[in-house]
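Read top to bottom, the protein sequences are chains A and B.
Position in the first sequence (from 1) plus 408 gives the number in the working numbering.
Position in the second sequence (from 1) plus 760 gives the number in the working numbering.
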Amino acid sequence: MSEESDLHALVVSFLGLSLISVGGGIAVLPEMSRLVVEEHGWMSQLHFAKLFALAQAAPGPNIMVVGLIGWHVAGAGGMFAAMAAMCGPTSLLAYGFTRLQRREFPWLKRVERGLVPVAVGLIAASGLLLAEGTVREAPLVLPVVAGSFLFVWRTARSPLWVLGAGALFGALLLRP
Amino acid sequence: MSPTRGELFLAYLRIGLTGFGGVNAWARQLLVERKGWLSDQHYAEALGMGQVLPGPNALNCAIAIGARFHGGAGALLACAGLLLGPMAVLVAVAALYDQYGQLPLVRAVLTGIAAAAAGMVLGTAVKMAVKLRPTPLLWLTGALALLLAMLRVPLPLVLLGLAPLGIWAAGRR
């Protein structure tokens with residue numbers, strides 16, 4: 409595929425994704441991987457999981473993974489195009505909403521209460537898909553997935569600890 | 761007390777660069793607890809709006825807070841602060857990955873981090889689900905979202921079906 413059509417596909421994909429991204433960056437990961445891995449074939453599920461891991465290990469909003477995908481597909485231009493598509497139009501929408509009126513929106517609470525469970529279900533699906541991508545390639549990492557799951561669920565410590573432990577585990581046990 | 765434009769930008773620059781594993785918790789701590797620019801409730805309202813509207817919710821939240829203090833310029837400064845630092849880090853990360861990503865040691869380390877990140881996302885989901893204490897109908901909504909996403913049903917269809925169910929279920933107590 410030519411670079412231009414890749415850029416075009418990136419912008420269209422992430423623009424569409426941004427408009428249905430309710431509940432934050434991680435909730436749309438299954439749809440993102442469906443687009444990036446299956447529909448466009450830009451990378452494998454494992455590669456997708458690795459880019460997500462890189463974005464998690466770096467500071468910033470969860471959505472930064474979009475920039476890494478853009479970079480992988482079309483270099484620096486791809487990174488900016490993908491981020492602009494993911495953030496631009498919805499930012500204008502959010503700004504418009506804050507300007508619209510400043511009073512309370514009682515229905516917003518109910519919409520939120522109804523959508524949060526959907527987002528949580530989607531986030532759980534993201535975790536399972538990411539786990540599937542890594543465990544299929546390296547079955548040894550199953551205890552890392554399980555340990556990190558328990559750590560994050562049961563403690564309030566920074567997730568950087570598990571990312572560091574995962575890195576150490578990989579360095580010691582996964583080297584070919 | 762409200763921030764000047766420069767203070768707003770610098771606060772968001774700091775939030776972006778220190779926010780590991782998602783920035784919302786860091787933003788709340790800095791803006792509400794340390795700077796005292798916003799009450800807990802105002803922050804929660806901005807975050808709630810950010811989550812309901814489409815788009816990255818940390819960014820939507822930054823826009824609402826920036827606009828609250830300095831209108832359009834504030835929204836722009838908060839966005840720029842939040843994204844510029846992480847984008848610069850990301851360029852470096854991506855370039856390093858291109859250079860060294862195929863080295864066996866780097867591949868092994870990244871696979872380990874990816875496994876940990878997967879477990880982290882699962883842990884976050886369970887934590888959120890427990891904290892919500894949903895009604896049975898809302899549990900069902902969440903479980904259906906999980907199932908449909910695993911079956912690779914396109915998200916627009918999932919939302920079309922489940923958003924009305926969830927909002928309806930949220931109105932029944």
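Even glycine gets a Cβ: it sits at the ideal position worked out from N, Cα and C.
Taking a C-beta cut-off of 8 Å against chain B, the contacting residues of the stretch 522-544 of chain A are Gly522, Leu523, Val524, Pro525, Val526, Ala527, Val528, Gly529, Leu530, Ile531, Ala532, Ala533, Ser534, Gly535, Leu536, Leu537, Leu538, Ala539, Gly541, Thr542, Val543, listed in chain order. Ranked by Cα distance from Leu568 (chain A), the options A:Ser413, A:Leu516, A:Phe557, A:Ala465 are led by A:Ala465. Close to Ser421 (chain A), with beta-carbon spacing below 9 Å, lies no residue of chain B; the smallest spacing is near 12 Å. A residue is called buried once 16 or more other Cβ atoms fall within 10 Å of its Cβ, and Tyr860 (chain B), having fewer, is exposed.
For the pair Val552 (chain A) and Ala417 (chain A), the Cα-to-Cα distance works out to about 35 Å. For Val886 (chain B), the residues of chain A that pass the 8 Å Cβ criterion are Ala532, Phe557, Trp561, in the order they occur in the chain. Approximately 4 Å separates the beta-carbon atoms of Val869 (chain B) and Gly578 (chain A); this is inside 8 Å, confirming the contact.
Using beta-carbon distances, Ala466 (chain A) counts as an interface residue toward chain B, with a partner under 7 Å. Judged by beta-carbon spacing, Gly879 (chain B) lies beyond the 7 Å limit of Phe460 (chain A), meaning their Cβ atoms are not closer than that value. Between Ser426 (chain A) and Met472 (chain A), the gap from beta carbon to beta carbon reaches 7 Å or more. Counting other Cβ atoms within 10 Å of its Cβ, Lys891 (chain B) stays below 16 and is therefore classed as exposed. With a beta-carbon spacing of about 12 Å, Val851 (chain B) and Leu462 (chain A) fall beyond the 8 Å limit used to define contacts.
Restricting attention to A:Leu538, A:Leu508, A:Leu550, the CA atom closest to the CA of Ala909 (chain B) is found in A:Leu538. Residues of chain B whose Cβ lies closer than 7 Å to the Cβ of Ser452 (chain A) do not exist; the shortest such Cβ separation is about 12 Å. Each of A:Gly475, A:Gly572, A:Arg507 was checked against the Cα of Phe829 (chain B), and the nearest Cα belongs to A:Arg507. DSSP places Val543 (chain A) inside the alpha helix (DSSP H), whose first and last residues are 514-545. Between Pro846 (chain B) and Gly782 (chain B), the CB-CB gap reaches or exceeds 7 Å. Following the DSSP letters along the chain, one finds Asn817 (chain B) inside the alpha helix (DSSP H) bounded by residues 817-860.
Under a criterion of Cβ atoms nearer than 8 Å, the residues of chain B adjacent to Ile471 (chain A) are, in order, Pro816, Ala818, Leu819. Leu917 (chain B) and His455 (chain A) have their C-alpha atoms roughly 26 Å apart.
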